[in-house]
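Going by numbering that gives the first Met the number 0, the first residue of the sequence shown is number 0, and it counts up by one from there. Cβ atoms here follow ideal geometry from the backbone N, Cα and C, with glycine treated the same way. These notes concern the structure reproduced below.
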Amino acid sequence: MATAADPLLLHGGDPAADLRNFRQALGQFATGVTVVSGAGEGGPFAVTANSFQSVSLEPPLVLWSLRRQSTSLAAFRQAPHFAVNVLAAGQTEMASHFARSGTDKFGGCDWAPGLGGAPLLAGVAAYFECGKISEHDGGDHVVFIGKVERYACFDRSGLVFAQGRYALAISHPGRQADLQFAGHPRDDFFLPLLARAYAYLSDAFSEHHRAEGVDTAQSRVLAFLATGSCASAQAIAARTFLGENAVQDALAKLVAGNYVAPRPPGALAITESGLALLGRIVARAHAFEAEKLADLPPADVAATRRVLKALAARGGA
């Protein structure tokens with residue numbers, strides 16, 4: 000295999016040999032996040048899906064797929080219409096909400112009925128109201144194709160899902176060489192500067208995660224559980240802004256390593272070994288931060304830290 004010599008290779012080979020690792024590899028492809036909804040005799044129903052994509056412009060066709068094990072499959076098969084709600088960047092909790100099983104998913108949601116009664120959610124980046132024209136066998140999924148009969152697009156950034164966690168869609172900062180001249184308009188605004196700084200620091204710190212045998216998702220789960228919270232996988236996903244699949248994968252590896260242990264009923268807690276591992280990661284983070292900031296004036300670093308804390312507090316972080 001040509002990529003075997005790449006020092007950053009995590010795993011590869013036959014997908015059937017390890018479905019969990021195969022799913023992680025698929026997660027390297029970033030997608031949007033949608034809530035697909037419909038309505039029937041039993042009322043409205045919906046699921047979170049990132050399988051949505053455009054098929055054709057003329058005619059306007061889209062598709063999405065649903066697991067055969069989903070409790071909503073029969074309802075979607077019977078409904079002549081469905082709506083694809085493209086979630087906005089701030090709707091991570093909504094994504095997690097509709098990803099869970101439950102009967103009354105719309106009780107606390109602001110929505111209006113669309114074509115065929117399919118719910119249209121408030122605050123989304125876009126929605127597409129579709130008449131179902133066909134469904135197809137997709138292995139362990141059923142693929143639905145619909146013709147878009149009506150749509151709406153809003154001035155909101157879309158929510159992104161990549162590498163097992165929610166992300167923001169922001170403009171790429173470009174090559175460093177392209178941005179090293181005076182007066183570049185990006186250098187006057189917080190958001191692109193923060194994005195560029197985060198990309199630089201995050202990529203540089205990833206080698207420290209690998210040195211401890213974990214990835215970013217596992218580190219986040221450990222950090223959350225270290226607050227003293229004994230929580231379910233769903234609660235961890237909601238509080239860490241990781242997708243539930245990413246949390247399940249992280250927990251499986253952490254439990255196998257004795258860093259996390261089940262605590263009935265249905266909860267998990269960090270172990271002494273997990274606390275020790277997290278302590279080593281934190282120590283690496285302190286040393287890493289000191290190294291990267293060493294040539295910056297301490298007063299500037301302190302002021303930046305205060306500004307970032309104030310902004311985080313405003314956002315409820």
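Return the CA-CA distance between residue i and residue j, expressed in angstroms with no decimal places.
| i | j | result |
| --- | --- | --- |
| T70 | G122 | 26 Å |
| A94 | A24 | 22 Å |
| V83 | A166 | 20 Å |
| V300 | L72 | 53 Å |
| F204 | G12 | 27 Å |
| S64 | E92 | 22 Å |
| G115 | F143 | 16 Å |
| R304 | G227 | 25 Å |
| A302 | T270 | 36 Å |
| F153 | G278 | 44 Å |
| F240 | A284 | 21 Å |
| S55 | H80 | 18 Å |
| D43 | A4 | At residue 43 the sequence reads Pro, which differs from the Asp that was named. If I take the Cα positions, the gap works out to 51 Å. |
| A196 | Q27 | 22 Å |
Please look up how many angstroms separate the CB atoms of residue i and residue j, rounded, as I've assumed it's under 8 Å.
| i | j | result |
| --- | --- | --- |
| V34 | T47 | 6 Å |
| A124 | V85 | 5 Å |
| A29 | A161 | 4 Å |
| K291 | L200 | 7 Å |
| F97 | A168 | Wrong, their Cβ atoms sit about 20 Å apart, outside the cutoff. |
| L190 | A225 | Rounded, the Cβ-Cβ distance is 30 Å, inconsistent with contact. |
Excluding the 5 residues flanking residue i on each side, which residues of the same chain have their C-beta closer than 7 Å to its C-beta?
| i | result |
| --- | --- |
| A87 | G122, V123, A124, R155, S156, G157, L158 |
| P6 | none |
Kindly list the residues whose CB is nearer than 6 Å to the CB of residue i, restricted to its own chain and excluding five residues on each side of it in sequence; keep chain order.
| i | result |
| --- | --- |
| H10 | N20 |
| L310 | none |
| S133 | I144 |
Using C-beta distances below 8 Å, list every residue in its chain close to residue i, excluding the 5 sequence neighbours before and after it, in chain order.
| i | result |
| --- | --- |
| C229 | R262, A266, L267, A268 |
| R67 | D139, H140, V141 |
| H207 | I280, R283, A284, F287 |
For this session: May I have a chain-ordered list of the beta strand (DSSP E) segments no shorter than 3 residues that lie completely inside the segment 25-92?
Result: 33-39, 42-48, 52-55, 60-66, 80-85
Exercise. If you pair each beta-carbon of the segment 11-31 with each one of the segment 142-150, do three or more pairs fall below 8 Å?
Worked result: no
Problem set entry | Whole alpha helix (DSSP H) elements within the segment 245-314, 4-residue minimum | 271-292, 297-313
For this session: Specify whether the segment 246-259 and the segment 207-224 touch according to this definition: at least 3 beta carbon pairs, one from each stretch, less than 8 Å apart.
Result: yes
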